[in-house]
Structure formats: structure tokens, C-alpha cells
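Q: Okay, handing you the structure first.
Number of protein chains: 2
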Amino acid sequence: MTALPTSAAPVRPPAGLPGSAAAATSAPTPGGQDDTATDVLKRCRELVRPALVEAVGRLHPWTGEMAAYALGWADTAGTPDPGGSEGKGVRQALAVLGAEAAGADGADAVPGAVAVELVHTFSLLHDDIMDADALRRQRPAVWKAYGTGPAVLAGDALFAQAVASLAEAPGPHAAAAVRCLCRTLNTLVSGQAEDLRFEERPWSGPGAVVPEGYRSMAGHKTGALLGGAIALGAVLGGAPDRTVTALERAGRHLGLAFQAVDDILGIWGDPAVTGKPVHADLRRGKKTYPVLAALAGGGRAARELAARLDSTRRIDGETAAQVAALVEEAGGRTATREEARRQLDTARRALRDAPLTHTAAQELDALFTHLLDRTR
Amino acid sequence: MTALPTSAAPVRPPAGLPGSAAAATSAPTPGGQDDTATDVLKRCRELVRPALVEAVGRLHPWTGEMAAYALGWADTAGTPDPGGSEGKGVRQALAVLGAEAAGADGADAVPGAVAVELVHTFSLLHDDIMDADALRRQRPAVWKAYGTGPAVLAGDALFAQAVASLAEAPGPHAAAAVRCLCRTLNTLVSGQAEDLRFEERPWSGPGAVVPEGYRSMAGHKTGALLGGAIALGAVLGGAPDRTVTALERAGRHLGLAFQAVDDILGIWGDPAVTGKPVHADLRRGKKTYPVLAALAGGGRAARELAARLDSTRRIDGETAAQVAALVEEAGGRTATREEARRQLDTARRALRDAPLTHTAAQELDALFTHLLDRTR
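So the protein sequences, as listed, match chains A and B.
Going letter by letter, the first sequence gives residues 347 to 722 in this note's numbering.
Going letter by letter, the second sequence gives residues 347 to 722 in this note's numbering.
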């Protein structure tokens, strides 16, 4: 087991902006769980970084440049960019903790951690094209910075390298890990298909998306990779099947909680913090949990919201603000906070059901809580 | 070993349109090698089809619909399309013959055959986006028919399913086969990157692409998947490493010959047969072997060609016809035919160097020759 470093400098500003998603969960214990989570994220990033750098270095120089930009390591000129556009590295941490939870050395999970970070980056790259999202982490999305064709290619390169990194992993569990990653990839891509198809469906009446349908989609689109990350680590750490299953389930519910927070931030998040335009999801007419829960709630605000959404072809800035207010009035924001809390509780229960090593179980729990307690 | 079916109905019209690429190779032996090749292609398609249909059936229905369209199985309404837009199935046949050449049953190669057909379809889908190619096999490309975002997604789904099909393959060689596929995928994506980067480079002077550089790119972009297909079959058939290496080498040189013919068809092919616009490659300013060989040849026509290309920002229909004439006059077409012949000879020699079963070696040889002898 890798020792925890003594440094505890937080790598992200603490959550808790007024009106942020922080209220979705219990407040962080001062100096407790939240410090543990930031330490864990830092430790795992440091453990995985050399292999991740090496994997990106194996790409064609041009796709490698786009990958470094997408990972927040460099700007479009290839110059190192210490501006903090790098992701938190949640998925790599889950993979490392998955192995440690099974009693293995976190280092055993590194090929899996590399794979899930590359898959995550690939999926952001391609999803931004599909969703026409021009901004990602406060910078132009790769397709905006390099063009659509090159961004498709960079995503493909990351995808191929992700599978290769895992297929070439040493030890007896590489083949099982590849099968685990493949299941994750198929589910992830299906989830993205469901999400895109939702855009064609009406807000109300026959064929409308209901919260349960949305939950299934989010379980595929977001839950699969978080569940897959932790499962991959466990597989590489030689965990028995039932431990892998429990950890995967925990990660999947964490993903649902994570997505609920994402949906809150997509409507009410501060653009200066989220790095995305205000009301971006509403303007795109995206079916998200807050809106669907608001519509499902009934009542005057819900009816007014439905009428508004059904009658509006393109939602402009002013309409989006009005829609956001109606969603809140109809209880969509509260319902989504409750959904996040419920999914987090389920995830934590799944953790407690598995026979995990004490330290890793505690760190996973702290990380799970921390992830709900975010502003971007 | 699977017995050859007695039916010998050719599934494609014989080659030999005047001025076609048929002259790149020796004329087909009447009733001999060419009949063998069409039989082999048909037999392999029939062997692989059920597993391929099953793999596509595992996709999300929407991406499955796009995949069926891309494979030429259905139109955009999902209605079965017996109009003959289906590919020849070269890669699946190479995989099957790779296993048979190693003395195994062709059925052992089926998961590999499925994987390479799915990878091929994925790469066509994404390459058409990157190259802005609106037509594929005489129909709108997937991105034209369904939109860019959905086409990106369908490609991703095929990619994921390709790896999954192989990772779940029974028998003791699945893990080695996945590693083989990963190498192929990385090389394929690098080749596409090189090809796209060539578009930024000048036709002449410093930084110009020379035929040798082009050959390296084509070896990655086209050779890798043909070499990978045959190698995958051999790996799944339990062939020793040196046999796999020899077969992969044969396939890679076949790919170079194949690409040379493709380049000839891209300039002088009959649009009614190729399914692509006339002079498509020239209009896009694509660096292809005929143009590069013409430029490298020196002489008056070469100098005139260089001046024309360097001074033209966008090549219209009339200019493309003049450029095509200059490329031919400067010897580009003849040089490309010679290149195809040379690469085919190298591929056939690589086959003879490997200890292969007699029938499969003969069938591979017939297939290799047949593939150079095509008009689309």
C-alpha cells in the first residue's frame, strides 16, 4: 500500500459559493474528510502522472499536442499551461483506490487509471463536438481550437491509446481489465446516444422523457465510467468478482450523484467557475434532471414551465433566465439536490457492503463526499 | 478447415474498364485466380456474417442503424438495401485466410474478422468527416445522411464494439489478438494524422512531401489494417510469431499496392463505378502518389504541374482536369501503376517466405492479385 504523503495543500478552492451545489450534500467536516479527499486526488495524480505522460507521448505528435491541450497540460501552441485547466483526476483516483480497497498496491491500478483518464478525455473531446459545446474548462473546446476533423482524430487516438495501455499492462489481470474497459466503453457510448436522442423528444405529453429514463441514461453516460474506473482498479488489484461488482455499483451511483450536481451547475453554476456559459444546458434545450423533475412535479409553475418549453423553438438568454426561475419555483433544483444526496447515500452503502481495506474505504468515502461538494 | 463452396458466381463485376487500374497488374487468368478470389470473398463473408450481424445488433439501436447504413446493409430509413453498396469484405477475408494459412479453422478467426470490419467501418465514418468527403459508395456519407455529431458517435460505437468483440473471443489467444488490434489501431490513427498534416505542406520546395514520405503514411493509414487483419487471423489461429510477422508484412505491402490503385481511381476512376466525384482527390488538394511521383519525375510537365499547383489556392473542375492531364504527362500514372505492381510483388514474396498451408496460401495469392485488379 502506498503511504499517504504528509502534504495536505488543497489543490482546488473549497466549495461553498452561495447558491452552489454545495448544499446538495452535508457540509464538509473542517480539516477532515475534505482534506483527505484533496490529498487523495493529489497523491493519485502524482502516482499516475508518469504513465499518463508516457501514454500521451506515444501518440502522433499532432494528436499528442491536442491531447495535452485537452488534458490542460499545454496551450494551443504546445506551451506548458500551469493555469489550472487540468481536471481533478477523479477517475484515475477511483481506479487507484479500487486496487487499494482490494488490498493491492495502488501502483497495480496505474494502467487502468491511465486508460480511464484517456477515455474520459476522448469522451469530452467527442461529446463537445456532438453537443456543439464551444467552451470546456474556461478555454475553447478542442474542436473550436483545432477544428472538428482534428478533434475527431485526437479523440480516436486517445481511445486507441487507452485500450492499448491496458492491453499491454503487466500482470495476470490485463485481459480481464480490457474486458471490463470494453463493457464500460460500450455503455458510455450508448449513454451518449441516449442523451442525444433525448434532444429530439418532447418536454411533455406522449414520448416525453421522465426522470427515471433520464436516470438510466445518466447511469450509462456518466455512471459507467466512474463505476468502470473503480472496477478496473479492483480487477487489476486481483479483487474477487463480488468486490468488483460492489465497487462498480458504488461508482455508478456516485456517477448519478455527480451528474445531478453537474446538471445543477449547468443551470445555476457561476460561469466564471464552471468555465461554461450561463444557462448553457437550458439554451441547448438539453433534457436535464432539474427540468424533468420540475415538469414531473405538477403544480402551477410546472404547467407554466411545460407551456413555455413546448412553445419555444430556440431559447435565448432572457428566456433561459425565466425558465431557470420556473424550474426552481417548480422544485426542480431541490429535487435534484435530493437526487444527488440519495445517489450518494446508495453509493456509500454499496461501499460498506464490500469487504474493503479500512484506509481505502475511508478514502473512497471521503472522495465520494468531496465530489458532490463542488462548484465546477 | 472449412470446405470451399462449389458455387462460383462472381459477386462483383470483373475489372477491366478501359483506362482503369486493371492495367496495374497482370490480366486475371480467365476462370482461374479471379474466380478463386471472388469465391473466397463470398465464402468469408458468409462465414463472418452472423457474428458481424450480432455485433452490430449489440449496439444502441440508433448507432446500430447508422452502422447498418455504413455497412451497406440498409438505407437511412433502416430498410434493407440490397442495392450493392456493401463493401467487398476484404479485411474479414484476410483475417479468415490468416487463420487458415496457419493451419487453423477459419472459424477461429471470426472474432478478428468482425473486429477488423468494424474498425474499417469506423475509420471510413470518421475519415469522411475529417476529409469532408460527402459521398461513399455512391451514397451520402454517414455524416451527410445523419449529421456530423451522430456520425462521430456511430464511429465511436463501432470502435468500442470492435475491441469488445475481440476481447470476449473464446480460446487462448484473445489477449494476444487484442494487443495486435491495439497496435493496428494506433498505427491507423497515426497514419490518418500524417495524411491530414500532409494537406498543410507545400507541393514543392522545402517541406514538400516526397513519394517515400507518402509511402510511409500509406503504410500506416492503409497498410496497417490489411496487415493487422491477416495477422489477427493468424494470432487467433495460434500461428507462431514469425508466421504472424510474415503475414502482417504481406498485408502491409498489399495495403500499399491497394492505396496506389485507390490513388489512381481517385483521379482517373469512373465516378459511376467508384461512387466518388471525378477528380475528387485533386480538387481537395490531397497529396497522392500519382501527383507526388509526377512532381518527383522532373521534366517540363512536372515543372508545369508544380507551378500550377503552387499558384492555385482552390482547384476547380476545369483546373482539376488539366492537372490530371499534367500528372499523366509527367508520368505519375505510370509510376503509380509500377508502385502498385512492386508492392504487390513484395507482398507475394512475403507470403512465399512463410510456412503456410497450401490452399490458404494459394487463396491469399489469388485475393492479393484480385484486389489490385479493381475499378472501385
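Note that CB positions come from ideal geometry on N, CA and C, so glycine has one too.
Any beta carbon of chain A sitting closer than 8 Å to that of ALA626/B?
A: Indexing the second sequence from 1 puts residue 626/B at position 280. Chain A, which has no Cβ nearer than 8 Å to the Cβ of ALA626/B, makes this no.
Q: If you reduce the DSSP assignment to three classes, tell me which class GLU709/B lands in.
A: Along the second sequence, one-based indexing puts residue 709/B at 363. Correct three-state label for GLU709/B: helix.
Q: Short of 6 Å in beta carbon distance, which residues of its chain neighbour ALA459/B, apart from the five on each side in sequence? Order them along the chain.
A: For the purposes of this step, residue 459/B is taken as the residue at position 113 of the second sequence. Here the set comprises VAL394, GLN438, ALA441 and VAL442.
Q: Going along the segment 557-586 of chain A in order, which residues come within less than 8 Å of chain B, judged by CB to CB distance?
A: Going along the segment 557-586 of chain A in chain order, one finds no residue with a Cβ nearer than 8 Å to chain B.
Q: Can you tell me which of the three DSSP states LEU578/B falls into?
A: By one-based count along the second sequence, residue 578/B stands at place 232. DSSP places LEU578/B in helix when its eight states are reduced to three.
Q: Counting only beta-carbon separations shorter than 8 Å, does THR409/A have a partner in chain B?
A: Sequence index remark: in the first sequence, residue 409/A carries index 63 (1-based). Closer than 8 Å to some Cβ of chain B, the Cβ of THR409/A qualifies, so yes.
Q: Return yes when at least one heavy atom of the ligand MN lies under 7 Å from the C-beta of ASP662/B, else no.
A: Summarising the ligand content, the structure contains no ligands, and the ligand MN is consequently not present.
Q: For a test of the three-state rule: what should DSSP assign to ALA676/A, helix, strand or coil?
A: Along the first sequence, read from residue 1 onward, the residue named residue 676/A stands at position 330. In this structure, ALA676/A counts as coil in the three-state DSSP scheme.
Q: Of the choices TRP408/A, VAL581/A and LEU690/A, whose alpha-carbon is the least far from that of GLY449/A?
A: Looking up residue 449/A in the first sequence gives position 103. GLY449/A has its Cα closest to that of VAL581/A, out of TRP408/A, VAL581/A and LEU690/A.
Q: Please report the straight-line C-alpha distance between THR287/A and TRP489/A, rounded to a whole angstrom.
A: Shown here, chain A extends from 347 to 722; a query on residue 287/A therefore has no answer.
Q: Taking the alpha helix (DSSP H) that ASP454/B falls in, what are its first and last residues?
A: For the purposes of this step, residue 454/B is identified with residue 108 of the second sequence, where counting begins at 1. Premise fails: ASP454/B is in no alpha helix (DSSP H) and is neither H nor E.
Q: Please list the residues of the segment 396-424 of chain A that have a C-beta atom closer than 9 Å to any C-beta atom in chain B, keeping them in chain order.
A: Answer set for the segment 396-424 of chain A: ARG404, LEU405, HIS406, PRO407, TRP408 and THR409.
Q: Quick check: the Cα distance between LEU531/A and ALA648/B, rounded to an integer number of angstroms?
A: To locate residue 531/A, count along the first sequence from 1; it is residue 185. To locate residue 648/B, count along the second sequence from 1; it is residue 302. If you take the alpha carbons of LEU531/A and ALA648/B, they lie about 50 Å apart.
Q: Could you pull out every unbroken alpha helix (DSSP H) segment of at least 4 residues lying fully inside the segment 629-697 of chain B, listed in chain order?
A: Fully enclosed alpha helix (DSSP H) runs of 4 or longer: 635-642, 645-657 and 663-675.
Q: Per DSSP, LEU481/A forms a beta bridge with which residues?
A: Stepping through the first sequence from its first residue, residue 481/A is reached at position 135. PRO486/A.
Q: List the residues of chain E whose Cβ lies closer than 7 Å to the Cβ of VAL524/A, in chain order.
A: Given the protein chain composition of this structure (A and B), no chain E is represented.
Q: Using a Cβ-Cβ cut-off of less than 8 Å, give me the residues of the segment 493-510 of chain A that come near chain B, in sequence order.
A: Per Cβ criterion, the list reads THR494, GLY495, PRO496, VAL498, LEU499, GLY501, ASP502, ALA503, PHE505, ALA506, GLN507, VAL509 and ALA510.
Q: Taking only three categories from DSSP, how would you classify ALA508/B?
A: Translated into positions along the second sequence, residue 508/B becomes position 162. Here ALA508/B sits in helix by DSSP.
Q: Short of 6 Å in beta carbon distance, which residues of its chain neighbour PRO557/B, apart from the five on each side in sequence? Order them along the chain.
A: Taking the first residue of the second sequence as position 1, residue 557/B is located at position 211. Correct list, in chain order: LEU638, ALA639 and ALA642.
Q: On a CA-only basis, which of ASP616/A, ALA626/A and THR634/A is nearest ALA603/A? Give me that one, please.
A: Residue mapping note: residue 603/A aligns to position 257 of the first sequence, counting from 1. Of the candidates ASP616/A, ALA626/A and THR634/A, the one whose C-alpha sits nearest the C-alpha of ALA603/A is THR634/A.
Q: Might you give, ordered along the chain, the residues of its own chain that have their beta carbon closer than 7 Å to the beta carbon of ALA433/B, omitting 5 neighbours on each side?
A: As a first step, residue 433/B must be located in the second sequence, where it is residue number 87. The identity of residue 433/B in the sequence shown is Gly, whereas the question assumes Ala. Contacts found: GLY418.
Q: Using the three-state DSSP reduction, which class does ALA491/A fall into: helix, strand or coil?
A: Taking the first sequence and counting its residues from 1, one reaches residue 491/A at position 145. The answer is helix: DSSP assigns ALA491/A an H, G or I state.
Q: Rounded to whole angstroms, what is the Cα-Cα separation between SER657/A and ARG646/A?
A: The residue labelled residue 657/A in the question sits at position 311 within the first sequence. The residue labelled residue 646/A in the question sits at position 300 within the first sequence. Near 17 Å, if we compare the C-alpha coordinates of ARG646/A and SER657/A.
Q: Is it a yes or a no for the segment 516-536 of chain B touching the segment 503-520 of chain A, going by three-plus beta-carbon pairs under 8 Å?
A: Judged by Cβ distances under 8 Å, the segment 516-536 of chain B makes contact with the segment 503-520 of chain A, as three or more pairs qualify.
Q: Just to confirm, is the Cβ distance from ALA700/B to ALA606/B under 8 Å?
A: Taking the second sequence and counting its residues from 1, one reaches residue 700/B at position 354. Taking the second sequence and counting its residues from 1, one reaches residue 606/B at position 260. No.
Q: Based on the DSSP output, what are the partners of ALA420/A in its beta bridges?
A: Looking up residue 420/A in the first sequence gives position 74. According to DSSP, which records beta bridges pairwise, ALA420/A is partnered with PRO426/A.
Q: Output, in chain order, the set of chain A residues within a Cβ distance shorter than 7 Å of ARG543/B.
A: Mapped onto the second sequence, residue 543/B falls at position 197. Result: TRP408.
Q: Just the Cα atoms here: how many angstroms apart are LEU513/B and LEU534/A?
A: Counting from one through the second sequence, the residue named residue 513/B turns up at place 167. Counting from one through the first sequence, the residue named residue 534/A turns up at place 188. One detail in the question is off: residue 513/B reads as Ala in this sequence, not Leu. Each residue's Cα considered, the two are about 17 Å apart.
Q: How far does the alpha helix (DSSP H) with SER550/B in it reach, from first residue to last?
A: Stepping through the second sequence from its first residue, residue 550/B is reached at position 204. Note, SER550/B: premise wrong, no alpha helix (DSSP H); not H, not E.
Q: VAL462/A and LEU713/A: beta carbons closer than 8 Å?
A: Counting from one through the first sequence, the residue named residue 462/A turns up at place 116. Counting from one through the first sequence, the residue named residue 713/A turns up at place 367. Against a cut-off of 8 Å, the Cβ pair of LEU713/A and VAL462/A comes out as no contact.
Q: Output the boundary residues of the alpha helix (DSSP H) element that contains LYS388/A.
A: What you label residue 388/A is simply residue 42 of the first sequence in a count that begins at 1. Element bounds for LYS388/A: 379-403.
Q: Please name the residue in ARG588/A, ASP380/A and ARG391/A whose C-alpha comes closest to that of ALA455/A.
A: What you label residue 455/A is simply residue 109 of the first sequence in a count that begins at 1. The residue with the shortest Cα to Cα distance from ALA455/A is ARG391/A.
Q: For LYS622/B, which option in ALA480/B, PRO552/B and LEU600/B has the closest C-alpha, if you only look at C-alpha atoms?
A: For the purposes of this step, residue 622/B is identified with residue 276 of the second sequence, where counting begins at 1. For LYS622/B, the nearest C-alpha among the options comes from ALA480/B.
Q: Using DSSP with H/G/I as helix, E/B as strand and the rest coil, what is LYS567/B?
A: Looking up residue 567/B in the second sequence gives position 221. Three-state result, LYS567/B: helix.
Q: For VAL436/A, decide whether its Cβ has a neighbour in chain B, counting only Cβ atoms nearer than 8 Å.
A: Along the first sequence, one-based indexing puts residue 436/A at 90. No, because no Cβ of chain B sits closer than 8 Å to the Cβ of VAL436/A.
Q: Any beta carbon of chain A sitting closer than 8 Å to that of ALA521/B?
A: Along the second sequence, read from residue 1 onward, the residue named residue 521/B stands at position 175. Closer than 8 Å to some Cβ of chain A, the Cβ of ALA521/B qualifies, so yes.
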